[in-house]
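Numbering (my numbering), first residue to last: 1266 to 1759.
Set out below in structure tokens:
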């Protein structure tokens, strides 16, 4: 009851962070809408065919007015299929997408953030490197299958199954620790590896499904989702620092802190199941975009539309298939956007070749002691989060295809920078480099993923979103494999 006791400072701080991030997302989106309103008649050109194609926000078409807040006026164009015409709820959609992004990585970031605890239990097994290497093949393999079959997969079942698997797997981490009483050894480590493999399968379901789903919606949803991904890292790092400070000197303190931490992560995952299943599909703006995608021939949104109370006409299904224009094949989409796919691959090859394994095992010992890797992880996650809001300001967003490639290739200069800083520099320079790594990672990711799907019909944007996530996961897998090269020449590396 209110007023019955003192305020819990941790809960109060977390509530404040959630409110601040939600407010920041909505405010920056409003600024972006103001600029977009004055440039709504701009056109995009596909490089491959040089066709004049209206922007995805003016091609279907909805203009968000600054003065009217979040209202939208609709002109349905040439489609005869019924389309939802109410498009309110954009602010709610942005906040929900942020939480769904948070849930799609909070489990994995929890694993990374409690790496210091696993290094005390399994000091000889290189936990951060091994667990990351276990995670990625399952994520990449599952994503390859789902991307190939994306046109026939029920997106609603895919995403809900992914979030449920995340919830159950995070809970299983607690079960494994309780069953083994926090002991080390090969048995518990194998059990943790099995849970991490389940994380990989869940990640492929959720991240590919959500990105494909939001690829044909307004770009602010995509930006907010990826800001939520980064927020999962920032919040887990902050929570880990709090739990470490609160329990570090008590009996079994690190273990108590980890259990509390995993409990909060499990609750966050369960919350995402409810948000996606019951709230997100019923938002008017989401129903509008999904109805529009269905009118363009998409079959993946039918279950979500049914959950929102919109039935696609089954009697005319065959006729609709005939009327709907042919969509580009996955091969054609990939060839038209191969530079964007390479962009994402190269971003995450570099990032994951440094983060997190190098930060835990190759940065030496400094004044911060056991806090040092936690501070590095926290700084990366914080700057990664902040940078994902920068593209909301139009003049800060990089959209040039050549510019993106040049910026991404330039990041590889960080490899020698990290090497020499770890060998000769102090902790201040390392914190700066890690912050810059996070800043460029988040900014470039959002720039690529909000620019690539524009100008495509709903089914094509969905397919392209899945393909881009596949290349992103391929980059992560390559990065965590290359991360082992840092151990060459290190004593007692294996």
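Beta carbons: idealized from backbone N, C-alpha and C, even for Gly.
Keep in mind that this is a model prediction, so the values were computed, not measured.
Residue i vs residue j beta-carbon contact at 8 Å
| i | j | result |
| --- | --- | --- |
| residue 1465 | residue 1404 | yes |
| residue 1499 | residue 1371 | no |
| residue 1387 | residue 1454 | yes |
| residue 1456 | residue 1730 | no |
| residue 1409 | residue 1735 | yes |
| residue 1672 | residue 1709 | yes |
| residue 1366 | residue 1574 | no |
| residue 1613 | residue 1740 | yes |
| residue 1436 | residue 1501 | no |
| residue 1399 | residue 1458 | yes |
| residue 1377 | residue 1470 | no |
| residue 1762 | residue 1738 | Look at the range of the chain in this structure, 1266 to 1759, and you will see that residue 1762 is not part of it. |
| residue 1423 | residue 1474 | yes |
| residue 1728 | residue 1595 | yes |
| residue 1368 | residue 1551 | no |
| residue 1732 | residue 1598 | yes |
| residue 1524 | residue 1644 | no |
| residue 1488 | residue 1653 | yes |
| residue 1637 | residue 1692 | yes |
| residue 1538 | residue 1428 | yes |
Endpoints, alpha helix (DSSP H) assigned at residue i
| i | result |
| --- | --- |
| residue 1507 | 1484-1512 |
| residue 1642 | 1637-1652 |
| residue 1415 | From DSSP, residue 1415 is part of no alpha helix (DSSP H); its letter is neither H nor E. |
| residue 1478 | 1451-1479 |
| residue 1566 | Segment: none, residue 1566 is in no alpha helix (DSSP H) and carries neither H nor E. |
| residue 1518 | 1518-1539 |
| residue 1380 | 1380-1386 |
| residue 1431 | 1420-1444 |
| residue 1575 | No alpha helix (DSSP H) contains residue 1575, which DSSP labels as neither H nor E. |
| residue 1604 | 1603-1619 |
| residue 1592 | Looking at the DSSP string, residue 1592 is not in any alpha helix (DSSP H), and its letter there is neither H nor E. |
| residue 1556 | 1549-1560 |
Assumed close pair residue i, residue j - CB separation to whole angstroms, cut-off 8 Å
| i | j | result |
| --- | --- | --- |
| residue 1540 | residue 1364 | 6 Å |
| residue 1520 | residue 1639 | So it is not a contact: roughly 16 Å between Cβ atoms. |
| residue 1421 | residue 1568 | 4 Å |
| residue 1723 | residue 1561 | 5 Å |
| residue 1715 | residue 1656 | 6 Å |
| residue 1707 | residue 1495 | 5 Å |
| residue 1662 | residue 1712 | 6 Å |
| residue 1641 | residue 1748 | Residue 1641 to residue 1748, Cβ: 15 Å. No contact. |
| residue 1566 | residue 1558 | 5 Å |
| residue 1608 | residue 1669 | 5 Å |
| residue 1509 | residue 1522 | 6 Å |
| residue 1480 | residue 1434 | So it is not a contact: roughly 26 Å between Cβ atoms. |
| residue 1497 | residue 1374 | 5 Å |
Hey, which unbroken runs of the alpha helix (DSSP H) at 4 residues or more fall wholly within the region 1654-1739? 1666-1675, 1679-1689, 1692-1716
Taking three-plus beta-carbon pairs below 8 Å as touching, is the region 1476-1484 in contact with the region 1719-1737? yes
Below 8 Å, how does it come out for the region 1612-1623 and the region 1391-1398: are there three or more Cβ pairs, yes or no? Segment contact: the region 1612-1623 against the region 1391-1398, three or more CB-CB distances shorter than 8 Å; contact assigned.
Determine, using beta-carbon pairs with one atom in the region 1546-1558 and one in the region 1439-1457, whether at least three such pairs fall under 8 Å. no
Say whether the region 1696-1709 touches the region 1633-1648, bearing in mind that this needs 3 or more beta-carbon pairs closer than 8 Å, one atom from each stretch. yes
Would you mind listing the alpha helix (DSSP H) stretches within the region 1350-1378 that are 4+ residues and don't spill past its ends, in chain order? Listed in chain order, the complete alpha helix (DSSP H) runs (minimum 4 residues) inside the region 1350-1378 are 1355-1378.
Touching by the beta-carbon criterion (3+ pairs, under 8 Å), the region 1743-1750 and the region 1660-1680: no
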